[in-house]
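The listed protein sequences correspond, in order, to chains A and B.
So the number in the numbering used here is just where the residue sits in the first sequence, counting from 1, plus 604.
So the number in the numbering used here is just where the residue sits in the second sequence, counting from 1, plus 6.
Inspection log for the structure reproduced underneath, given as structure tokens.
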Amino acid sequence: MKKLLLSLGLLLSFYSVYAGGYRVATQGQRALAMGHSGVAVVNSAETAFFNPAGLILLENDLNISAGVTGVFNSTSWQNPATGQFSSTERNVSTPFYLYASYRINEWLAAGLSVYTPYGSRVEWERDWPGSHLVNEIALQAIFIQPLVSLKVNDYISVGGGPIFVTGSVDFNRNLTRSLVDEAGNRANVEINDSGITNWGWSASVMFTPTEELKVGFNYRSEIMMNARGGDATFSNVPNSPLVPAENGVIPFNASLPLPAEWSLGVSYEFSEKFMATVQVDRTLWGVYESLDISFPGSDIPDAINPRNYEDSSIIRVGGQYKASDQWTIRAGYYFDESPVQSGLFSPETPRNDGHGFTGGFSFEINDKLAIDAAFLFLRFSEVDESYDAYVEDGVEVPFEGTFKSNAFLPGIGITYKL
Amino acid sequence: MKKYIKYLAVASLVFTSCDPEFNDSVESGDFYTAGEADFSNFVSVGNSLTAGFADNALYIEGQKNSFPNIMAQQFKRVGGGSFEQPLMSDNLGGLLLNGNQIMDTRLVLRVDEQGNPGPSNLSGTPTTEVTNSVHGGQLNNFGVPGAKSFHLVAPGYGNVAGIQAGAANPYFVRFASSDEATVLGDAMEQNPSFFSLWIGNNDILGYATSGGVGVNQQGNVDPEDYGPNDITDINVFGSVLSTLTETIASSTSGGVIFNLPDVTNIPFFTTVPHNPVPLSEDLAVILGANFSAYNEQILPGLVQQGVITQEEASLRQVNFSSGEGNAVTIVDEDLTDLTNILQGPPFNLSQQQAQTLGQLRQANENDLIVLPAANFIGSQVEGGGSTAVNGVSVPLGDQWVLTPTEQAEIEQARVAYNSIIQSLANEYDLAFVDVDQLLQEVAEGLPTDSGVLTSEFAAGGAFSLDGVHLTPRGYAVVANRAIDAINEKYGSSVPNVNPGDFRTVQPSNN
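The following block contains the structure:
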């Protein structure tokens, strides 16, 4: 009987509430169309996100950029050993951005950014074979950031500002691979918290040695999202003292890091019409070592879940060509290295290394207003992977199989300048 | 804004149709091969084990975890069709006949007020009415709980009028095509392309679980004479199995046939030890005094008179001591009946004493005590006074104990049945599952993807709370063995399941 108790006692080891390897990089249609490179590019208020030091370099006094992207991502999984197959629902999530800057004088500009760099959503078929790891996860974090941009001299400008984050998390999974209630329904937990807030900051520098050449560097700090007293809702749990949970809602605490990232890039204007840029991003995912969830005031043991993410890099290249007075076309590519280690490949962040192919355009309706469009196709190669950290009765039970993902991200926005 | 909405709508249409596709998809139809088998219409014939019976009941969740249904889901990768089962009305289990409950709800693992877990019926009233026929249309699972070999070919086994007399089976009544239908006939009506056949367990199990109160019917070839707890004659079994196998095998692309496990290593017989009785010092002294004259004078006297052998006298010694580990007392009808002799000189015992001692002995490690005795041993005999304790001063009746003699009768029949099954498998070139071997492995500890599966009651994971039938995880292991045997015989490559995806016993205080 002890064995039964033990196996049920372990049912509350949670697996990531966090879409780690899926940082949704859609913070500007113009940059996105060029492989999401913008740290060394100054062409609209989008620079408020990529490199706020560039805001003072914008030609106009008032600059506004806003946009939204539809994220259509899907992952399929199969296990040839068992013939099992499943794929995620194609839910659309819609990260958005709004940037505005105003030049106060020749050397100082102020700005405001609102953007959603984390907005992933993964929904597997309910009770699918990996449902003990995740059925569904939805994470949203809205970043609100006042900015200043300062021109130090003809060559160097700096920028930055504090970031206020408000976020929400929704995560659903089954308690174990096989626990059911008296009616045969899989025992399930859903944790949910919103209004999670915290502060961070970003700072950047732009170096303009010649008219044609720009070098940019941007740093965004780590922000720890501390969920305190959110709702953990247990359902379909059999009525038994042998199961250390019962149906109903109890509070949970958890801390989720939004890791720091830095970007370094260079852009060069080969002609009036043609500009190209190269950039490297480094996301300091190493901070995400473990996800710990506690249930204060209940007997349910803390859930300690190793993650052991590694810092990862993204290489981006892009270019734009001004085809006419009205049309500017852009294209780009990036290579996205996954922070997820082999053997800890969890289906809530089913991301291996990815290749992003981007394109887009701007159409100037008039001197003030332009429409920006971008398209990203994110391609992942098929990968045989496993998540080995799930333990049942003291035995590691790897969840393994072949994963294949892709994502389509069409986006549209406007740029306004005065 | 309108433009944006339209754009997204179009995009949704385009992008939702672009699921990532595997280079080699398990769903493609050619990832796995069916070999020489045709899995398009899989039909299973058998007893409770085929039906998905567990926890002493048939209920929807158990049926969905029946081993043939688990197999059928895997067959879908190699051209298998849907697998229809005569599903019960609920997850409680139990049956109503004309509104009266005739079968109990299923067992769940309940924790009592002292914190001790044990099997107990899930509360609620069954809703499955036997007379509400579910016959009609496609049906693939012809597992009938309680069916013995000859029942599968017995007309009238699905006639509601025969239930009371024991000539019909309420589970078959639910889906029989007519009053005179046979299980085999109805199964063949489905035009199976592939089959499973696992039958014969109940031909010995009723005798075993009843502690051997039935009759060993060897030599009696008329099953109409048999009671529910009897052992079926080997020739009857052989003839029925031949009919079944020939009928099904001749019109299908193939099938899988299962042999019969040793009943003596299932938890129903291995959970209650022969010596579970704790005694207080006072009671041990009283009992010791009661039996001292019997042990030291009466038994040697009987040996001297030549009534019993020295060997039997030793077997009949009754010893109690304070503390744990006292063997239960039992009635063994294979002992010499001393009731009359003890009432005469020189013993001159009272009739009551003589009857108690008539065929009494203490159990030893060769006896198997049935699971339901767990709650009976040590209970007070009603109106019998403080020293009248069941299994101690009042011996356990025949129905609580399977003695070595009874075990030998079962084993003799089982070995014969199994050799019949094995030879039919060879004759019809069928896939063969050695369940006997498999459950032997489980008894010793079978490693699976979720730890070691054993036959320990409740905690071992393989056996459901009735101690006889399997858990969903146990059935999954059986399904895997069957799939392996089929793959080997037919050159197919049907994938296995992960047993850990299937539950073990159900905890519940409902």
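Glycine included, each C-beta is placed from N, C-alpha and C at the ideal position.
- Approximately 12 Å separates the beta-carbon atoms of Gly632/A and Gly639/A; this is outside 8 Å, ruling out the contact.
- As the crow flies, the alpha-carbon of Glu450/B is around 29 Å from that of Thr238/B.
- A check of alpha carbon separations from Phe200/B across Glu494/B, Asp110/B, Gly260/B and Gln349/B identifies Gly260/B as the nearest.
- DSSP places Met194/B in the helix class (H, G or I) of the three-state scheme.
- For Gly480/B, the enclosing alpha helix (DSSP H) stretches over residues Pro478 to Tyr496.
- Among the residues of chain A, those whose CB is under 8 Å from the CB of Arg509/B are Ser782, Leu783 and Val784, following chain order.
- If you look at Arg777/A, you'll find it in the beta strand (DSSP E) that goes Ile760 to Asn778.
- When Cβ pairs closer than 8 Å are counted between the two stretches, the segment 97–108 of chain B is seen not to touch the segment 139–148 of chain B, the count staying below three.
- One Cα belongs to Asp455/B, the other to Thr188/B, and the distance between them is close to 40 Å.
- The beta carbon of Ile827/A sits closer than 6 Å to those of Val769, Asn802, Gly804 and Leu862, all from its chain and outside the five residues before and after it, given in chain order.
- In terms of beta-carbon proximity, Gly964/A stays away from the interface with chain B, with every pair separated by 8 Å or more.
- One finds Pro26, Glu27 and Phe28 in chain B with Cβ atoms closer than 8 Å to the Cβ of Lys1008/A, taken in chain order.
- In the structure shown, the three-state DSSP call for Gly218/B is coil.
- CA-CA distance, Gly936/A to Asn857/A, rounds to 41 Å.
- For the 8 Å CB-CB criterion, Ala635/A and Ser871/A do not form a contact.
- Counting only Cβ-Cβ distances below 8 Å, Glu996/A has contacts in chain B at Ser456, Gly457 and Gly506, in chain order.
- Interface residue (Cβ-Cβ distance to chain A less than 8 Å): Gln446/B is not classified as such.
- Listed along chain B are Leu115, Val117, Pro123 and Pro513, each with a C-beta nearer than 8 Å to that of Leu846/A.
- By the CB criterion at 8 Å, Pro951/A and Gly901/A fall outside the cutoff.
- In the structure shown, Ile908/A adopts extended strand secondary structure according to DSSP, grouped into three states.
- The beta-bridge partner set that DSSP reports for Tyr937/A consists of Val921/A and Phe961/A.
- DSSP, read as helix, strand or coil, puts Ser724/A in coil.
- Every beta strand (DSSP E) stretch that sits fully inside the segment 392–441 of chain B and reaches 3 residues is listed by chain position as 437–439.
- Cβ contact annotation for Asp774/A (same chain, cutoff 6 Å, sequence separation greater than five): Ala742 and Asn796, in chain order.
- Contact of Asn792/A with chain B is not assigned, every C-beta pair being separated by 8 Å or more.
- What Asn843/A touches in chain B, judged by beta-carbon distance under 7 Å, is Ser514, Asn515 and Asn516, going in chain order.
- Listed along the chain, the chain A residues whose CB falls inside 9 Å of the CB of Gln91/B amount to none; the nearest CB is some 14 Å away.
- Here Gly142/B is exposed, its C-beta having fewer than 16 other C-beta atoms within 10 Å.
- As a beta-bridge residue in DSSP terms, Gln749/A pairs with Ser717/A.
- Annotated three-state conformation of Ile205/B is coil, per DSSP.
- Non-local beta-carbon contacts of Asn75/B in its own chain, meaning distances under 6 Å to residues more than five positions away in sequence, involve Phe89 in chain order.
- Looking at the DSSP output, Phe382/B bridges to nothing.
- For Pro161/B, no alpha helix (DSSP H) run applies, since DSSP gives it neither H nor E.
- Interface criterion met: the Cβ of Val503/B is under 8 Å from a Cβ in chain A.
- In the DSSP assignment, Asn241/B falls within the unbroken alpha helix (DSSP H) covering Ile240 to Ala255.
- One alpha carbon belongs to Val841/A, the other to Asn851/A, and they sit about 6 Å apart.
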